[in-house]
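> Structure below; questions to follow.
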Amino acid sequence: MHLLGSCYLGKSPWESRSPLFPPCIARSPAFLPLVSIEDVQAIRAVDVHQGGNYLAVGSNSQMCVSFAKNQQLRVCAYPELKKIAQTSPGSICCMSWSPNGRIIATGSNDKLIKLVRLDMDRPDDGSNNTEIELTHHNGTIRDLIFMHDHLRDDSILLNGGAGDCKVYVTDVMKQTPIRNYAGHQGHIYSLFAWDACSFVSGSQDGTSKIWDIHSPVAAVAVDNSGQLLAAAYEDATCLLYDLRGKRIVQIYQAHADEIRSVRFSVHLHYLLTASYDKKVCVTSLYDKKLLLHPDKDVHMVKDAVFCDLTKPLILSNVAPHTDKIIQARWYPHEMSFVTTSADRTCVVWAPSALAAANL
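In our numbering, the protein residues as written are 298 to 656.
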């Protein structure tokens, strides 16, 4: 796991002061209610189906209902789902539709997660619905959300809450947590994911933390300006992260096997990576033409000129070994590097005359 960033979201000294520009409140409502549903107790959770036609609602009375937005309100469009929800001894605190809209996940103060797989081809018939119950939490589940992974649709669920204050990554197909991540000192109240490997968590401890669960991190490096972070992963990908802007710049496939070493060159023009695929790769982080003709795609960092790092990068395989490469390091004042390998050799590499002319 990789923690990309953390920020404190507690009260600021400005919070008690009147705003310089108070918001303008319209005298008449801008939105009108189309449909309403009532329950005997507080309604805590709601989520919208990806198609926009169905809602899932959870309340303190353990009732879960669904209805079509553009049709007549139907309490419990999925009869089996209502029956399952009412058997829970706790309140439904959070819920989430899966990306393909076929699974509803609910979290409760009874420490249980329930996954209900729905037959969306026959949404009014609950006879084919199936339920999975997960019991790995030791406290109230405050939020859960599916990761947006198109390659593994609906298979990864994030969940967190009270108890041990950890975020759990759950494999839905295997019906078990595959990882759990600690870092918060208070209850986790909110989770949000925007791609297949990144999410943010908000906690009672006053912090919001951005996480990358892309793959185990095998190597890291930061350029000498302190702006760009490079992280190499066991799945052979490399991540570039803007430390000042606090954002992922790019994730790209650098090798065919686990990357074991990553380093920036002295002038920040190149990124050196070494892998178990027996190859050393150099990624170009700048364009020579931009040194003479800088434009909007150039980013200046001290004496270095970066190209637009969000665009496809130029990679070159520059040195081979006959077995896994374990480590690679640049020389401090020249374009040479040294590698160590499981082939029992340590090799110093220098560019050829032709390559040196193009550096």
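Think of the CB as a built atom: it goes at the ideal place given N, C-alpha and C, for glycine as much as any other residue.
So what does DSSP say about Leu415, is it helix, strand or coil?
In the sequence shown, counting from the first residue as 1, residue 415 sits at position 118. Residue state, collapsed to three classes: coil.
> Is it a yes or a no for the region 613-632 touching the region 536-546, going by three-plus beta-carbon pairs under 8 angstroms?
Flag = no, the region 613-632 and the region 536-546 do not touch.
> Leaving aside the five residues before and after Val517 along the sequence, list all residues of the same chain whose C-beta is less than 8 angstroms from its C-beta, in chain order.
Here residue 517 corresponds to residue number 220 of the sequence shown, with the count starting at 1. The answer, listed in chain order, is Leu526, Ala527, Ala528, Ala529 and Val559.
> If you reduce the DSSP assignment to three classes, tell me which class Ala459 lands in.
On the sequence shown, position 162 is the one that residue 459 refers to. Note: Ala459 maps to coil in three-state DSSP.
> So the beta strand (DSSP E) Met392 belongs to, where does it begin and stop?
Numbered from 1 along the sequence shown, position 95 holds the residue referred to as residue 392. Ile389 to Trp394 is the extent of the beta strand (DSSP E) around Met392.
> Under the DSSP definition of a beta bridge, which residues are partnered with Pro491?
Residue 491 sits at position 194 when you count from the first residue of the sequence shown. According to the sequence as given, residue 491 is Trp; it is not Pro. DSSP output for Trp491 lists no bridge partner at all.
> What number of angstroms, rounded off, separates the C-alpha of Gln482 from the C-alpha of Ile622?
Translated into positions along the sequence shown, residue 482 becomes position 185. Translated into positions along the sequence shown, residue 622 becomes position 325. Gln482 and Ile622: Cα-Cα distance of roughly 39 angstroms.
> If you check the beta carbons only, do His445 and Trp491 fall under 8 angstroms apart?
In the sequence shown, the residue the question calls residue 445 occupies position 148. In the sequence shown, the residue the question calls residue 491 occupies position 194. A contact, by the Cβ cut-off of 8 angstroms.
> State buried or exposed for Leu331, treating a residue as buried only when at least 16 other CB atoms are found within 10 Å of its CB.
Within the sequence shown, numbered from 1, the residue matching residue 331 stands at position 34. So Leu331 counts as exposed.
> Where do the N-terminal and C-terminal ends of the beta strand (DSSP E) with Pro474 fall, by residue?
Here residue 474 is taken as the residue at index 177 of the sequence shown, counted from 1. Its beta strand (DSSP E) spans residues Thr473 to Tyr478.
> For Tyr486 and Gln347, I'd like the C-alpha separation in whole angstroms.
In the sequence shown, counting from the first residue as 1, residue 486 sits at position 189. In the sequence shown, counting from the first residue as 1, residue 347 sits at position 50. In a straight line, the C-alpha of Tyr486 is about 23 angstroms away from that of Gln347.
> Within 10 Å of its beta-carbon, does His552 have 16 or more other beta-carbons around it, so buried, or fewer, so exposed?
Within the sequence shown, residue 552 is the residue found at index 255, counting from 1. By the 10 Å Cβ count, His552 comes out buried.
> Among Ala533, Val563 and Val579, which has the Cα closest to the Cα of Pro629?
Counting from 1 along the sequence shown, the entry for residue 629 is found at position 332. Answer by Cα proximity: Val563.
> Which first and last residues belong to the beta strand (DSSP E) in which Lys506 is found?
For the purposes of this step, residue 506 is identified with residue 209 of the sequence shown, where counting begins at 1. Thr504 to Asp509 is the span of the beta strand (DSSP E), which, as asked, contains Lys506.
> Of the residues Ile510, Asp539, Ala479 and Phe489, which one's Cα is nearest the Cα of Ser522?
Along the sequence shown, read from residue 1 onward, the residue named residue 522 stands at position 225. Among Ile510, Asp539, Ala479 and Phe489, the Cα nearest to that of Ser522 belongs to Asp539.
> With burial defined as no fewer than 16 other Cβ atoms inside 10 Å of the residue's Cβ, what is the status of Gly458: buried or exposed?
Along the sequence shown, one-based indexing puts residue 458 at 161. Gly458 is buried by the Cβ-count criterion.
> Is it buried or exposed for Gly542, if we count other Cβ within 10 angstroms and need 16 for buried?
What you label residue 542 is simply residue 245 of the sequence shown in a count that begins at 1. So Gly542 counts as exposed.
> Using the DSSP secondary-structure output, state which residues sit across from Ser581 in a beta bridge.
Start at 1 with the first residue of the sequence shown, and residue 581 comes out as number 284. DSSP, once it has assigned bridges, lists Tyr567 and Ile611 as partnering Ser581.
> Once you ignore the five residues that flank Tyr465 on each side, which residues in its own chain have a CB closer than 6 angstroms to its CB?
Position 168 of the sequence shown, counted from the start, is the residue given in the question as residue 465. Contacts found: Asn456, Pro474 and Asn477.
> Short of 6 angstroms in beta carbon distance, which residues of its chain neighbour Thr534, apart from the five on each side in sequence? Order them along the chain.
Reading the sequence shown from its first residue, position 237 is the one you call residue 534. Only Ile548 and Gln550 meet the Cβ criterion.
> For Glu430, write down the residues that DSSP places opposite it in a beta bridge.
Position 133 of the sequence shown holds residue 430. Note: Glu430 sits in a beta bridge opposite Lys411.
> Relative to the C-alpha of Thr427, which residue among Leu415, Ser572 and Gly436 is closest?
On the sequence shown, position 130 is the one that residue 427 refers to. Considering only alpha carbons, the answer is Leu415.
> What is the rounded straight-line gap between the Cα of Ser393 and the Cα of Glu631?
Here residue 393 corresponds to residue number 96 of the sequence shown, with the count starting at 1. Here residue 631 corresponds to residue number 334 of the sequence shown, with the count starting at 1. Roughly 54 angstroms separates the two Cα atoms.
> Starting from the Cα of Pro396, find the closest Cα among Lys408, Gly436, Ser358 and Ile453 and give me that residue.
Within the sequence shown, the letter at position 99 stands for residue 396. For the residues Lys408, Gly436, Ser358 and Ile453, the minimum Cα distance to Pro396 belongs to Ile453.
> Using only the alpha-carbon positions, how far apart do Gln524 and Asn350 sit?
Position 227 of the sequence shown, counting from 1, holds the residue named residue 524. Position 53 of the sequence shown, counting from 1, holds the residue named residue 350. One C-alpha to the other measures close to 45 angstroms.
> Mind reading off the beta-carbon distance from Ala342 to Cys390? Whole number of angstroms is fine, and I expect it under 8 angstroms.
On the sequence shown, residue 342 is found 45 positions in, with the first residue counted as 1. On the sequence shown, residue 390 is found 93 positions in, with the first residue counted as 1. Contact flag correct, Cβ pair sits at about 6 angstroms.
> Please confirm whether Leu412 and Leu488 have their CB atoms less than 8 angstroms apart.
By 1-based counting over the sequence shown, the position of residue 412 is 115. By 1-based counting over the sequence shown, the position of residue 488 is 191. No, the Cβ-Cβ distance between Leu412 and Leu488 is not below 8 angstroms.
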